[in-house]
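In the working numbering, the protein residues as written are 107 to 382.
Beta carbons are placed, not taken as given, at the ideal position from N, Cα and C, and that holds for glycine.
Before any comments, here is the structure.
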């Protein structure tokens, strides 16, 4: 009989412990992103813009093949810094204590950094101008490219930086989803995608130093001057605009307001519950 009671007691304790754990998870889940929707979005934007500056300043453009006046950047040539989620998430650890909010920020940081890595790895450009390469003798003496916008190139990962992909990536990383999270994630995805497109038009591939290769010998021994072949360019930078946090926050609030208007028929972010 004592053994039978001990067995019943064991299963009762086990059941209660599982129930308590389940309640703990539910409490954390229900308070996920447990603060003002607008403030969370603006905080994430500030941290992303700050991380973007660190990333952009550390990018190095290498292994550009120069033939004539044309420089070719192959996939993987945007090297140096890789956009990693900790550039965003580490900033939040000392500022935010709510576990649900931290979970949401990490999910967003992971989604954005994964998309950026895909874009960066797949980026190519087949026409970076090196005017000196069109007319030289023996070899290409050291010269620099004419700056071109990032948007004049292409990336196999371009789709990863589109609104729908960013939105789905954020949701994929979350253990809890509800209507407020959908609204916040959609507004952030739209903000990031729009700003990324603007940045590509406003940031430039510059300061690639090219030299070497083979060019024709000068006349009358050869047929030079002429086009160089096989010169290499390295140590280029991304120069120009960064992510503009203030402009992003204005757009974010507008997108959030538009989304909420569609949902409730009311204007104003205040009509969204402060708890997510």
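Around the C-beta of residue i, are 16 or more other C-beta atoms found within 10 angstroms, so that it is buried, or is it exposed?
i, result
"residue 234", "buried"
"residue 378", "Any reading at residue 378 must be qualified, since the residue scores a pLDDT of 44, below 50, and its modelled position is unreliable; the value itself is stated next. The residue is buried, with at least 16 neighbouring Cβ atoms inside 10 Å."
"residue 139", "In this prediction, residue 139 scores a pLDDT of 40, lower than 50, which makes its location untrustworthy; no coordinate-derived value is stated."
"residue 321", "buried"
"residue 199", "exposed"
"residue 369", "exposed"
"residue 163", "exposed"
"residue 273", "buried"
"residue 169", "exposed"
"residue 184", "buried"
Below 8 Å between beta carbons: does that hold for residue i and residue j?
i, j, result
"residue 365", "residue 289", "yes"
"residue 315", "residue 340", "yes"
"residue 86", "residue 150", "Any property of residue 86 remains undetermined from this structure, which presents the chain solely from 107 to 382."
"residue 143", "residue 286", "yes"
"residue 257", "residue 307", "yes"
"residue 361", "residue 296", "yes"
"residue 180", "residue 230", "yes"
"residue 326", "residue 243", "no"
"residue 167", "residue 342", "yes"
"residue 302", "residue 267", "yes"
Which residues in the same chain have their Cβ closer than 7 Å to the Cβ of residue i, if we skip the five residues on either side of it in sequence?
i, result
"residue 305", "347 and 349"
"residue 337", "172, 239, 246, 316, 317, 318 and 319"
"residue 275", "217, 220 and 221"
"residue 351", "151, 152 and 155"
"residue 271", "221 and 265"
"residue 193", "157, 160 and 161"
"residue 223", "188 and 189"
"residue 283", "277"
"residue 298", "218 and 272"
"residue 357", "297 and 300"
"residue 128", "Bear in mind that the predicted position of residue 128 carries a pLDDT of just 35, short of 50, making it too unreliable to give a figure here."
Which residue's Cα is closest to the Cα of residue i: the options?
i, options, result
"residue 260", "367, 182, 361 and 371", "182"
"residue 292", "163, 179, 311 and 359", "359"
"residue 158", "257, 361, 195 and 370", "195"
"residue 207", "281, 167 and 248", "281"
"residue 232", "214, 215, 255 and 224", "255"
"residue 146", "214, 253 and 191", "214"
"residue 279", "165, 335 and 191", "191"
"residue 249", "204, 202 and 334", "334"
"residue 165", "201, 202 and 227", "227"
"residue 225", "262, 197 and 356", "262"
Near residue i, which residues of its chain fall below 6 Å by C-beta distance, leaving aside the five closest residues on each side in sequence?
i, result
"residue 236", "172, 175, 177, 251 and 316"
"residue 161", "187 and 189"
"residue 345", "310 and 312"
"residue 212", "195"
"residue 269", "295, 296 and 299"
"residue 253", "310 and 312"
I'd like the list of long-range same chain contacts for residue i, defined as Cβ closer than 8 Å, with 5 residues on each side in sequence excluded.
i, result
"residue 202", "149, 208 and 211"
"residue 132", "With a pLDDT of only 30 at residue 132, under 50, the local geometry of the prediction cannot be trusted, and the value read off the model is given with reservation. Closer than 8 Å at the Cβ level, and outside the excluded window around residue 132, lies no residue."
"residue 371", "none"
"residue 197", "153, 156 and 157"
Threshold first: 4 residues or longer. Then list the alpha helix (DSSP H) segments lying entirely within the segment 181 to 252, N to C.
192 to 198 and 205 to 227
For the segment 278 to 339, which segments carrying the alpha helix (DSSP H) assignment without a break, of at least 4 residues, lie completely within its bounds, in sequence order?
285 to 308
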